[in-house]
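Working notes for the structure below.
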Amino acid sequence: MKSARKTVFKFVCIVELMLWTVGAHSQDFTFDQFYPNRVRFNPAYAGSEYFQHLSAVTRYQYPGLGDPYITNGVSFDTYIEPIRSGFAVMATRDAQGGGIYSRNYLDMAYAYKLKVSKEIVIRPSLQVGFGYYQTNPSGIRFPDMYDNGGNLANVESYASQSKMLYDFSGGILFSYRTFYAGLAVHHILEPVEYSTPVGDFKIPRKITLHAGYAIPLESGIRYRYQKKVGHSRIGRVEAYPTVVLELQNGQTRAQMGGLIVLESAFVGTFVKNTFPGSDFRVAFLFGYYTKSINFGYSFDLGSLNGKVFGFNTTIHEVTLTMKIKYKKLKRKYWWERKAIFGPEY
């Protein structure tokens, strides 16, 4: 009986440790390049631009841990103008501890563009997701598994677990001239991620608010004559200051910063802080884009209690997006192109 209690206790510790590493500040993994990953950021971004996007992202977090957190994802989104509807599908895998804990998602999003006036556009959305969670704690080692000589003497095996769940999210975007804002609510029903002898672990509901503004810094003749015709906004320099608030599990993460979009490149930085607590991070973003492809890289440097850590606690993220341009539209749909929902590149 004592041995059984000990095994249960260790298993609970394993699950709690894994969930704590994910959720000490935010239960979900997040992306520093949230605009290249717009639909994951807010499902209302599905089909928000006049290109079909096929995107891939890789996030490599805390490389010095030996078994870093690795997140990979692919997505596709498109827009059907006659019905003013955007559609997206996303596949994501998040692996931690060398495969001890992994999460796999398949999400589908729908967004509708609603014209309120000539200058106000709103995009409500709904997202449905399927999650497949796995734990494989057989590789975890506890102190009592070793003898006095430091050799592994008492190996205990723990059964792997897997679980499927359904998840629902929603979002809305607002555009007025060069101002844009959005609200997203993920995990609306707070699905159960894992069940243990001490209770269920739910994914806390997450609320994301963001707002930004497009500020032209320089524009040329090409910009004036080709303004807002797909992605041909070339010959200009624009700044996009942005504020993001993420609320989940009793904590708030605030981000402030922005991007500067040049003719064929973009640069930016975001300062992030979590309340309550003192998890302070700074992300630097760089990228290159053409009419058919986008490439982005971000470097995230963290600190705790005012002390800046080194390479071990950095986060690296790479995004690659292929763009397929739509055919020329009829004039009656041109009003939709005036809406700005974020940086365009």
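Read in order, the letters of the sequence shown correspond to residues -26 to -1, 1 to 319 in mature numbering (1 follows the signal peptide of the UniProt record, and there is no 0).
Think of the CB as a built atom: it goes at the ideal place given N, C-alpha and C, for glycine as much as any other residue.
query, result
"Nearest residue (CA-CA) to residue 143, options 82, 21, 51 and 243", "82"
"Where residue 15 falls: helix, strand or coil (DSSP)", "helix"
"Best match in 107, 217 and 297 for proximity to residue 177 [C-alpha to C-alpha]", "107"
"Residue of 184, 59 and 249 minimising C-alpha distance to residue 86", "59"
"Three-way DSSP call (helix, strand, coil) for residue 93 in this model", "coil"
"Exposure of residue 152, with buried meaning 16 or more beta-carbon neighbours within 10 Å", "exposed"
"Test item: CB-CB of residue 11 and residue 147 under 8 Å", "no"
"Integer Cβ distance of residue 258 from residue 248, believed to fall under 8 Å", "Incorrect: roughly 19 Å between the Cβ atoms, too far for contact."
"Delimiting residues of the beta strand (DSSP E) encompassing residue 51", "43 to 54"
"Contact check, residue 38 vs residue 64, beta carbons under 8 Å", "no"
"Beta-carbon proximity check, residue 296 vs residue 266, cutoff 8 Å", "yes"
"Option nearest residue 105 by Cα separation, candidates 217, 136 and 318", "136"
"Exposed unless 16 or more other CB atoms sit within 10 angstroms - verdict on residue 191", "exposed"
"Helix, strand or coil at residue 317 according to DSSP, with G and I counted as helix", "coil"
"DSSP state of residue 162 mapped onto helix, strand, coil", "coil"
"Nearest to residue 212 (by Cα), restricted to the options 237, 78 and 66", "237"
"Residues that DSSP places opposite residue 231 in a beta bridge", "216 and 244"
"Three-state secondary structure assigned by DSSP to residue 57", "helix"
"Integer-rounded CB distance, given that residue 262 should sit under 8 Å from residue 235", "Contact flag wrong, Cβ pair sits at about 11 Å."
"Pairwise C-alpha distance: residue 32 and residue 21", "22 Å"
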